[in-house]
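Chemist: Mapping of the sequence shown onto full-length UniProt numbering: residues 1 to 264, in sequence order.
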Amino acid sequence: MNRHELLRGLHRVYRPRNYLEIGVNDGRSLALSRAASVAVDPAFKVVTSISCDVHLVQSTSDDFFARKDPLVHLRRGRNPFRALARRDPLAVFGGDPTLELSFIDGMHLFEYALRDFMNVERHSHWSSVIVLDDMLPRDVDEAARDRHTKFWTGDVYKVVTVLRKYRPDLTVVELDTEPTGVAVVFGADPENTVLKDNYDDILKEYVTPDPQDVPEEVLLRKYAVQSEALLGADFWPALVRARNLRRPRRGFAPLRRQIAELGG
Numbered sequence: 001m002n003r004h005e006l007l008r009g010l011h012r013v014y015r016p017r018n019y020l021e022i023g024v025n026d027g028r029s030l031a032l033s034r035a036a037s038v039a040v041d042p043a044f045k046v047v048t049s050i051s052c053d054v055h056l057v058q059s060t061s062d063d064f065f066a067r068k069d070p071l072v073h074l075r076r077g078r079n080p081f082r083a084l085a086r087r088d089p090l091a092v093f094g095g096d097p098t099l100e101l102s103f104i105d106g107m108h109l110f111e112y113a114l115r116d117f118m119n120v121e122r123h124s125h126w127s128s129v130i131v132l133d134d135m136l137p138r139d140v141d142e143a144a145r146d147r148h149t150k151f152w153t154g155d156v157y158k159v160v161t162v163l164r165k166y167r168p169d170l171t172v173v174e175l176d177t178e179p180t181g182v183a184v185v186f187g188a189d190p191e192n193t194v195l196k197d198n199y200d201d202i203l204k205e206y207v208t209p210d211p212q213d214v215p216e217e218v219l220l221r222k223y224a225v226q227s228e229a230l231l232g233a234d235f236w237p238a239l240v241r242a243r244n245l246r247r248p249r250r251g252f253a254p255l256r257r258q259i260a261e262l263g264g
């Protein structure tokens, strides 16, 4: 299964009422959305028909998140009828938007991907789903910070390592998608500041010159799960209910156990 097939499946089983995409390129992944969407890219090359209520933002992701109200397009209180149409009656009276499904495929350098995750998490809920692309490079050349191959992941694979080290409260599932793997993150906590507090130290440790020392388990996809297993899991209806009812974080524990079982 490739990343676009995975995203199509996530839209089907999770039924997000909004969608954020960082790194749009030709628009093939954005075209899968039927929800209110925000798409961020400094140089759009969209050649695909888009069939959703979308705000295209020509900007770097750092500049986008530095705005006063970056997700204003998703502020449902601006139009109560839109909130009802999106099956979100609790949002009729407005409030800050909460991202539901996010896809991060921006600049292929570790520190950029880490910042993208940090910024997305600030606008998410534990029941949100965050997808990071290019997490499983197939060789050291693909993982280089200085691009010299046709297919390029850069060193963004390190984000998974950092999340597992610094954020054990999250659940990170690596998926064996073609061509270069993804990671899906559950349990976001917008109040958590661990990554921000340790950001400088993290960069000192993980931003290293080429060639990158890519762990063997990454190259061999040792811990990667098949996408079909994730999409076919039993926890999705419960996750959707928790999202729609805005249940508190304590609701994550039983779902987390189910998600963790996917990795054996």
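All C-beta atoms, glycine included, are put in the ideal place defined by N, C-alpha and C. Here the structure is a predicted model, which is why all the values come from computation and not from measurement.
#1: Have a look at R12 and E261 and give me their C-alpha separation to the nearest angstrom.
#2: What do you reckon, are the CB atoms on S227 and T177 nearer than 8 Å?
#3: Do the segment 115-129 and the segment 238-257 meet, that is, are 3 or more Cβ pairs less than 8 Å apart?
#4: Mind reading off the beta-carbon distance from L136 to R221? Whole number of angstroms is fine, and I expect it under 8 Å.
#5: Just verifying my parser: in three-state terms, what is the DSSP assignment at S61?
#6: Taking D238 as part of the alpha helix (DSSP H), name the residues at either end of that continuous run.
#7: Please give the ranges of any alpha helix (DSSP H) in the segment 112-181, keeping only runs that are unbroken, at least 4 residues long and fully inside the region.
#8: Looking at the unbroken beta strand (DSSP E) that takes in V38, where does it start and where does it end?
#9: Would a C-beta distance cut-off of 8 Å place V206 and F110 closer than the cut-off?
#10: May I have the straight-line CA-CA distance separating G187 from V46, to the nearest angstrom?
#11: Assign N2 to buried or exposed, taking buried as 16 or more other Cβ atoms, counted over all protein chains shown, within 10 Å of its Cβ.
#12: Please name the residue, chosen from L30, V182, R246 and K165, that lies closest to residue 266 on a Cα-to-Cα basis.
Modeler: If we stick to the structure as given:
#1: One-based indexing of the sequence shown puts residue 12 at position 12. One-based indexing of the sequence shown puts residue 261 at position 261. Distance between the alpha carbons of R12 and E261: 22 Å.
#2: Taking the sequence shown and counting its residues from 1, the one referred to as residue 227 is at position 227. Taking the sequence shown and counting its residues from 1, the one referred to as residue 177 is at position 177. In contact: S227 and T177 (Cβ atoms closer than 8 Å).
#3: yes
#4: Position 136 of the sequence shown, counted from the first residue, corresponds to residue 136. Position 221 of the sequence shown, counted from the first residue, corresponds to residue 221. Contact holds; Cβ gap of about 5 Å.
#5: For the purposes of this step, residue 61 is identified with residue 61 of the sequence shown, where counting begins at 1. Helix, per DSSP.
#6: Position 238 of the sequence shown, counted from the first residue, corresponds to residue 238. As written in the sequence, residue 238 is Ala, which differs from the Asp given in the question. Unbroken alpha helix (DSSP H) run through A238: W236 to N244.
#7: 158-166
#8: The residue given as residue 38 occupies position 38 in the sequence shown. Per DSSP, V38 belongs to the beta strand (DSSP E) from A36 to D41.
#9: As a position in the sequence shown, residue 206 is number 206, starting the count at 1. As a position in the sequence shown, residue 110 is number 110, starting the count at 1. In the sequence as displayed, the identity of residue 206 is Tyr instead of Val. Result yes, Cβ atoms of Y206 and F110 sit closer than 8 Å.
#10: Reading the sequence shown from its first residue, position 187 is the one you call residue 187. Reading the sequence shown from its first residue, position 46 is the one you call residue 46. If I take the Cα positions, the gap works out to 32 Å.
#11: Indexing the sequence shown from 1 puts residue 2 at position 2. The residue is exposed, with fewer than 16 neighbouring Cβ atoms inside 10 Å.
#12: Outside the displayed span of the chain (1 to 264) sits residue 266, for which this structure offers no information.
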